[in-house]
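Residue numbers for the sequence shown follow the numbering used here, so the first one is 22 and each next one is one higher.
Below is one structure, written out as structure tokens; the observations come after it.
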Amino acid sequence: MDGTNQSLTEVNMQIQRDSYDSFDKMLQQARVLSSNNIVEITLGGYYRVSKGNFELPSNCHIIGGGTVFLDNEESDQAVFKVENKQNFILKNITISSSKTTDLWGKTCNGIEIRGCSNFELSGLNISYRTDAISISDSSHFRVENCLVHKLGEEGIAIRACFSWLVFNNDIYEHNGDGILLKTSGSPSYDGKIICNRIFSATDAFGLKGTLGGGITLNDEKTGSSTTFSNLLVSGNSISNTSYGIAFTNIQNLKVVANDIDTVVRFGIIVDNALHNNPQQYPIKKNNRLWQYGEKYRPSRGGIL
């Protein structure tokens, strides 16, 4: 057997093998070691796992060029789940799954984070999940340089969080919002959404007949008495989506130098109701809008 055939055989065996037990054991060991130390795991190769909901400990940095493939059709399996932890990193990892349809309204997310602080998600490639990244009740974090796509709902969802940055991510082929913010009735403040690209929304992986959107802060159902304070939305590109940028219950908002092209419903709107903006709040600066609105004409465009 020559070297090439041997390498292919080893790869096929690795793909067929269920790595759940070894992967879970690795994280359990990291949990023990990280109580007083920073543990760095270099994740290379391909890991096919039959179950998810892997729990990351505090002080754990997982980096490398590896792939975690969740071979599971259940609707409540995230790949990584982190609660009440701090100082962790996930970097340069591919996350995907065998569940490629019926992803709307499920909890089969890529990464779920709740009640955490001081963490970084960077260089991730996440596909075939409900939300790629879902973060709640957390603070002091960065989500940057990620590719998230083929999603039943949101690309990046941030709920009831403060002091965070979402930078230079590509979000596409999504059925929900590209970047969704919610206050969830809790103080939410100091966020930055900078230089992200959201494009090519679809209904292929979620709810048929609906198209994914751009960037929004909304309460989706009943509204909220809690406002988001101090939000910068700058240098983002949004194209071929349901809408561009939409905010409710917001104060100290800057929407600057965004590029919005070919959206169905509206370009930029800010009010207590997503479909109504009679005050025309003067907060938009140097944003370029082209072909936007329910009945946009091919020549419709401008600078706001």
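Glycine is no exception: its CB is placed at the ideal position from the N, C-alpha and C atoms.
Proximal residues to residue i (C-beta, below 6 Å), its chain only, five neighbours per side dropped
i           : result
residue 130 : 99, 150, 151, 152 and 155
residue 257 : 217 and 279
residue 90  : 69 and 117
residue 252 : 212 and 274
residue 103 : 77, 134 and 137
residue 231 : 224
residue 235 : 199, 219, 259, 262, 264, 265 and 266
residue 203 : 180
residue 158 : 135, 136 and 181
residue 229 : none
residue 205 : 180 and 181
residue 192 : 169, 176, 199 and 219
Whole-angstrom distance between residue j and residue i, CA atom to CA atom
i           : j           : result
residue 93  : residue 40  : 13 Å
residue 57  : residue 106 : 14 Å
residue 44  : residue 132 : 16 Å
residue 73  : residue 311 : 42 Å
residue 287 : residue 125 : 23 Å
residue 140 : residue 185 : 10 Å
residue 197 : residue 172 : 8 Å
residue 160 : residue 123 : 31 Å
residue 76  : residue 59  : 16 Å
residue 200 : residue 148 : 15 Å
residue 128 : residue 52  : 25 Å
residue 207 : residue 50  : 35 Å
residue 238 : residue 174 : 15 Å
residue 121 : residue 88  : 17 Å
residue 214 : residue 248 : 17 Å
residue 144 : residue 95  : 26 Å
residue 301 : residue 119 : Note on residue 301: pLDDT 42, under 50, position unreliable in the model; no value is reported.
Whole-number beta carbon distance between residue j and residue i, since they are thought to touch under 8 Å
i           : j           : result
residue 166 : residue 146 : Incorrect: roughly 10 Å between the Cβ atoms, too far for contact.
residue 169 : residue 179 : Contact flag wrong, Cβ pair sits at about 13 Å.
residue 263 : residue 233 : 6 Å
residue 222 : residue 270 : Rounded, the Cβ-Cβ distance is 24 Å, inconsistent with contact.
residue 285 : residue 268 : Going by Cβ atoms, the distance from residue 285 to residue 268 rounds to 18 Å, so no, they are not a contact pair.
Bridge partners - residue i, DSSP secondary structure assignment
i           : result
residue 222 : In DSSP, residue 222 forms no bridge with anything.
residue 109 : 140
residue 116 : 89 and 147
residue 180 : 157 and 203
residue 133 : 102 and 155
residue 69  : 90
residue 289 : 266
Residue from the options whose Cα sits closest to the Cα of residue i
i           : options               : result
residue 108 : 115, 192, 142 and 203 : 142
residue 38  : 51, 214 and 67        : 67
residue 227 : 215, 84, 47 and 194   : 194
residue 282 : 272, 229 and 219      : 219
residue 64  : 248, 225, 291 and 110 : 110
residue 112 : 96, 119 and 81        : 81
residue 115 : 183, 48 and 83        : 83
residue 250 : 192, 284, 183 and 187 : 183
residue 42  : 55, 54 and 71         : 71
Residues of its chain near residue i, where Cβ-Cβ distance is below 8 Å and the 5 sequence neighbours each way are ignored
i          : result
residue 47 : 62
residue 55 : 78, 79, 80 and 81
residue 97 : 127, 128 and 129
Heavy atom of the ligand SAM within 7 Å of residue i beta-carbon
i           : result
residue 274 : By its list of ligands, the structure shown contains no ligand whatsoever, and the ligand SAM lies outside what it can speak to.
Spatial neighbours of residue i in its chain, beta-carbon cut-off 7 Å, leaving aside the 5 residues before and after
i           : result
residue 164 : 142, 154, 177, 187 and 190
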